[in-house]
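See structure below.
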Amino acid sequence: MLPQNRFPPVITEYVNATSLEMALEALADGNGTPLAGGSDLWAQKDNGDGRIGSRLVNLNRIDELRGISVNNGFVRIGALTSISEILENQELAGSVALLPKVADRFASDQIRNVATVGGNIANASPAADFVLPLVALDSEVEICSNGRDPRKQALSEFFTGPGKTILGADELITAVIFKIPQKNFHGVFCKTGPRPALEISLVAMCLTGELHNGILDNSRLVFGAVGPTVICCTNTESLINGSQIDDELVAGALDMMAGEISPITDVRASKWYRTHIARTFLEQELIVCRSK
Amino acid sequence: MSLKIEISLVLNETKVEASVGVTESALELLRREFDLCGAKLACGEGECGACTIIVDGRSRNSCLTPAVDLDGRDVMTVEGLWTEKGVDAVQQAFINEGAVQCGYCTPGMIMQARYLLNRNPDISEAEIIRGLEGNVCRCTGYKKIIAAVKGASRIQEGSPG
Ligand SMILES: Cc1cc2nc3c(=O)[nH]c(=O)nc-3n(C[C@H](O)[C@H](O)[C@H](O)COP(=O)(O)OP(=O)(O)OC[C@H]3O[C@@H](n4cnc5c(N)ncnc54)[C@H](O)[C@@H]3O)c2cc1C
Ligand code: FES
Ligand code: FES
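Each protein sequence line maps, in turn, to chains A and B.
Anchor point for the first sequence: position 266 equals 266 in our numbering, and the numbering is continuous, going up by one each time.
Anchor point for the second sequence: position 5 equals 1005 in our numbering, and the numbering is continuous, going up by one each time.
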């Protein structure tokens, strides 16, 4: 949990960390707030809904937190990697095209150039787009702190509520790691909001799996913005796995999914609308699977 | 009582120093310390692009850029596009097309267009529309702005540099 010092923040110390070690030391007493791209933190600064410690810890000069590497069939994305870097990465375009596709639906150039993968995860918005494909890919978050061994946590178990995670106040996300998917991997991302590109998702969905002859196996169905955290529809996944996708299966999957999500009505959209869009997305994408 | 941090940066090709508030935005810094009023405050939330500047070759919203993070960086604002050779190709094209009405969005549009053309001098109309998604204009209806960016691409081709 972050310290409950609300904006406008009283920051009494600033640390421009040049190494991971330096950042972890600055966070060790639990009074630090990491700064990555600032696209969430600086936007929260003036509207009073942020929480911040008394020490601002700038991560932007820690090169070891940046970049995308592939090793032994695993992809490692440094926490400080920007959404633009994901969009432009050739390696990902070839092996996990789903990620650049999601990056392509994320905000504007100006935001993508600064927004980081680590910030998208740590901010823990139920509408965080990049979290969806990473959960669908069974990613693990690599977490470091001063004086303790680095730990790894399944991303699907990382979030505990809106803006809330299992991350300790002295901990930093250093990377996300996932296995390169199989050759017959099928992955789609759908999102809707009020304005193309520059939109906080009203509903976002990621559906992945191994697709052959109109059958999806080992599927992952993850929704954003229809619950307090991202929602993994595990029952719907079990229903879909290994079954011929026909009208009956689609109808059953839609109803089961509707029981697994828990959308609310807020200023941005109604519960009815969100449910309707979630059903539309899933129906549309299952029909696509059927024809492949 | 706000914590101040000393930073130094290259601003429009000149090395400068400044003492910045720890919660100050780059936009506030540019206007307060350097009298650079090209970048505009409109939404202050990253939605409109009126405050777009280029930092280390990447466009970003200066309203959401922590001023302290400009330390050691290379910053370009719309004021920096004008050199002794005259206005930049993008600025000339905006003049040629009459792509300005109230002008509030213009510096941000020009900086984002500059960024797009730096990355791809031979940009297509679809890419221009896509690239300007983060910039809002309440006046022009965008047609002339898009034409201006295309025009800038042609001006650049005709006169290298
Ligand atoms: C106009 C606009 C449009 C947007 N559009 C989208 C969109 O389409 N989709 C979407 O998902 N989001 C969107 N966002 C939200 C935001 O851009 C993303 O959540 C972004 O990924 C945040 O990353 P950042 O680096 O800017 O985070 P910051 O603002 O720097 O940090 C966010 C939070 O995470 C913490 N943090 C950052 N890095 C770490 C780390 N490595 N370890 C631990 N804690 C850390 C910070 O302390 C802070 O609490 C938008 C925001 C704006 C302003
Ligand atoms: S003022 Fe910065 S994006 Fe609108
Ligand atoms: S010219 Fe007025 S907002 Fe664009």
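No residue lacks a Cβ here, since even glycine has one placed at the ideal position from N, Cα and C.
With contacts defined by Cβ atoms closer than 8 Å, Val250 of chain A and Val226 of chain A do not form a contacting pair.
Excluding five sequence positions before and after Glu1079 of chain B, the CB atoms of its chain that fall closer than 7 Å to its own CB belong to Asn1012, Leu1036 and Gly1038, given in chain order.
With a threshold of 16 other beta carbon atoms within 10 Å, Thr174 of chain A meets it and is buried. Checking the 7 Å criterion, the Cβ of Gln244 of chain A is out of range of every heavy atom belonging to ligand 3. The region 228 to 270 of chain A is shown to contain whole alpha helix (DSSP H) runs of 4 or more residues at 234 to 240 and 247 to 260, in chain order.
Between the alpha carbons of Asp217 of chain A and Gln244 of chain A lies a distance of about 10 Å.
Rounded to whole angstroms, the Cβ separation of Ile180 of chain A and Phe74 of chain A is 7 Å, and the two are in contact under 8 Å. Runs of the alpha helix (DSSP H) lying entirely within the region 80 to 143 of chain A and spanning at least 4 residues, in chain order: 83 to 88, 90 to 95, 98 to 104, 109 to 112, 117 to 123 and 131 to 136. Within chain A, the residues whose beta carbon sits less than 9 Å from that of Val1068 of chain B are Tyr14, Asn16, Leu35, Leu56 and Asn58, listed in sequence order. Every residue with a CB closer than 6 Å to a heavy atom of ligand 2 is listed here in chain order: B:Leu1041, B:Ala1042, B:Cys1043, B:Gly1044, B:Gly1046, B:Glu1047, B:Cys1048, B:Gly1049, B:Ala1050, B:Cys1051, B:Asn1061 and B:Cys1063. Residues of the region 1013 to 1038 of chain B with a C-beta less than 8 Å from any C-beta of chain A: Val1022, Thr1023 and Ser1025, listed in chain order. In this structure, the CA atom of Ile1129 of chain B is about 43 Å from the CA atom of Glu21 of chain A. Taken from the Cβ of Val114 of chain A, at least one heavy atom of ligand 1 lies inside 7 Å. Closest in C-alpha terms to Arg290 of chain A, from the list A:His186, A:Pro263, A:Ala278 and A:Val222, comes A:His186. If you draw a straight line from the Cα of Val1022 of chain B to the Cα of Leu24 of chain A, it is about 20 Å long. Annotation for Tyr1115 of chain B: the continuous alpha helix (DSSP H) segment containing it runs Thr1106 to Arg1119. With the criterion set as a beta carbon lying under 8 Å from some beta carbon of chain B, the members of the region 89 to 122 of chain A are Ala107, Ser108, Asp109, Gln110, Ile111, Asn113 and Val114, in sequence order.
At a cut-off of 8 Å between beta carbons, Ala258 of chain A makes no contact with chain B.
Looking at the backbone, the Cα of Asn1135 of chain B and that of Cys1048 of chain B are separated by about 5 Å. Distances from the CB of Asn120 of chain A to the heavy atoms of ligand 1 include at least one below 7 Å.
For Phe158 of chain A, the three-state secondary structure derived from DSSP is coil. The continuous stretches of alpha helix (DSSP H) do not include Glu171 of chain A, which lies in the beta strand (DSSP E) extending over residues Glu171 to Lys179. Bridge pairing for Pro34 of chain A: A:Val57 [DSSP].
For Lys45 of chain A, the residues of chain B that pass the 7 Å Cβ criterion are Thr1023, in the order they occur in the chain. Non-local beta-carbon contacts of Thr12 of chain A in its own chain, meaning distances under 8 Å to residues more than five positions away in sequence, involve Ser54 and Arg55 in chain order. Taken through DSSP and simplified to helix, strand or coil, Gly168 of chain A comes out as coil.
Looking at the backbone, the Cα of Gly209 of chain A and that of Tyr273 of chain A are separated by about 27 Å.
Between Ser201 of chain A and the set A:Thr116, A:Gly32, A:Asp266 and A:Phe159, the nearest pair of CA atoms involves A:Asp266.
With fewer than three CB-CB distances shorter than 8 Å, the region 66 to 73 of chain A does not count as touching the region 150 to 163 of chain A. Flagged as an interface residue toward chain B: Gly38 of chain A, by a C-beta distance shorter than 8 Å.
A straight-line Cα-Cα distance of about 9 Å links Gly1044 of chain B and Leu1027 of chain B. Chain order gives the chain A residues near Thr1052 of chain B as Gln110, where near means a beta carbon separation below 8 Å. Going by DSSP, Ser219 of chain A is part of the beta strand (DSSP E) stretching over Ile215 to Gly224. Not one heavy atom of ligand 3 is found less than 7 Å from the C-beta of Val1149 of chain B. With its beta carbon at least 8 Å from every one in chain A, Asn1120 of chain B lies outside the interface.
Rounded to the nearest whole angstrom, the CA to CA distance from Trp1082 of chain B to Val176 of chain A is 43 Å.
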